[in-house]
Amino acid sequence: MPSQSEEEFIDRLQSVPTGDVEAFCAQVWEAYGWEPKRLHADEPAAIDLTVTQAEPVKIIGALYLARTGGTTAVAPDRVFDCLEMRQVADRMDFHVLITDGEFSRDAWALGREQNIKMITGEDLYELADNVGILELLT
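Residue 1029 is where the sequence shown starts when you use this note's numbering, and the numbers rise one by one after that.
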C-alpha cells in the first residue's frame, strides 16, 4: 500500500518549492536507471533536468517542469516553451514536460503533435509509487 494517497501526493507536489520538485523528479528518473543532472533553470522555457542512459546506446532527454500555479491546467504556451528549447538544445533525444497538475486539452493536442511526452501529477505519482519513493518528496 502506498505511503500516501494520490490526492495527498499531488497536494504536496503543488505546495513545495520548484527546486524540491526538480530534486524529486531527478530521484524518480534515477530510480528507473537514468543519470539525472539538475540545471537549476531560471527561465520558464529552460530545461530543468537532463537524464542520460548510457547503455546499450547513449540516450539523453530534456525534462521541463510546468507548475500549475493555482490554475486548473497547464496551457499550450508551456508546450511552446518546450518547442523553443528543442530548437536550441544540443543532442536531446526526447523531451518531457512534467506538471504538478493537469494539461489543458489544447496542450495535450500540441504535445502529441510535436512528440513531447507529457506527465501529469497523477502520472508522476504512479512512477514514484512503482519504485517506492513517494516519501522522498520533501
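Every residue, glycine too, gets a C-beta built ideally from N, C-alpha and C.
Exercise for review: Let me know the alpha helix (DSSP H) ranges lying completely inside the segment 1089 to 1123, each 4 residues or longer, listed in chain order.
Suggested key: Given a length threshold of 4 residues, each whole run of the alpha helix (DSSP H) inside the segment 1089 to 1123 is given here in chain order: 1104 to 1116.
Check your understanding: Alpha carbon to alpha carbon, what distance is there between Leu1164 and Pro1064?
Key -> Whole-angstrom Cα-Cα distance: 16 Å.
Exercise for review: State the DSSP-derived secondary structure class of Ile1147, mapped to helix, strand or coil.
Suggested key: If DSSP states are grouped into helix, strand and coil, Ile1147 belongs with the strands.
Point to revise | Per DSSP, cross-strand counterpart(s) of Val1049 | key: In DSSP, Val1049 forms no bridge with anything.
Review point. Using a Cβ-Cβ cut-off of 6 Å (strictly less than) and excluding sequence neighbours within five positions of Trp1062, which residues of its own chain qualify?
Key: Short of 6 Å from the beta carbon of Trp1062, and not among the five residues preceding or following it, lie these beta carbons of its own chain, in chain order: Val1079, Gln1081.
Check your understanding: Cα separation between Asp1128 and Arg1119?
Key -> Those two C-alpha atoms are separated by around 27 Å.
Practice item. Check whether the Cβ atoms of Glu1050 and Arg1066 lie closer than 8 Å to each other. Key: Yes. Within cutoff.
Check your understanding: Per DSSP, which one or two residues make a beta bridge with Arg1066?
Key -> BP columns for Arg1066 point to Leu1077.
Check your understanding: Between which two residues does the alpha helix (DSSP H) containing Gly1137 stretch?
Key -> The residue asked about is misnamed: residue 1137 is Ala in this sequence, not Gly. Here the alpha helix (DSSP H) through Ala1137 covers 1133 to 1141.
Exercise for review: State the CB to CB distance for the pair Glu1034 and Glu1150, rounded to an integer number of angstroms; the pair is presumed to be in contact (CB under 8 Å).
Suggested key: The C-beta distance from Glu1034 to Glu1150 rounds to 6 Å, short enough to meet the 8 Å contact threshold.
Practice item. Would you kindly report the start and end of the unbroken alpha helix (DSSP H) that includes Ser1043? Key: It spans 1034 to 1043 - the alpha helix (DSSP H) in which Ser1043 sits, taken as one unbroken run.
Exercise for review: Spatial neighbours of Asp1105 within its chain, please: CB distance less than 6 Å, with the 5 preceding and 5 following residues excluded, ordered by chain position.
Suggested key: Short of 6 Å from the beta carbon of Asp1105, and not among the five residues preceding or following it, lies no beta carbon of its own chain.
**Study point:** Counted within 10 angstroms of its Cβ, other Cβ atoms place Ile1076 as buried (16 or more) or exposed
**Key:** As written in the sequence, residue 1076 is Asp, which differs from the Ile given in the question. With 16 or more other Cβ atoms within 10 Å, it is buried.
**Study point:** Pair within 8 Å by beta-carbon distance, Ala1059 and Ile1147
**Key:** Contact: no.
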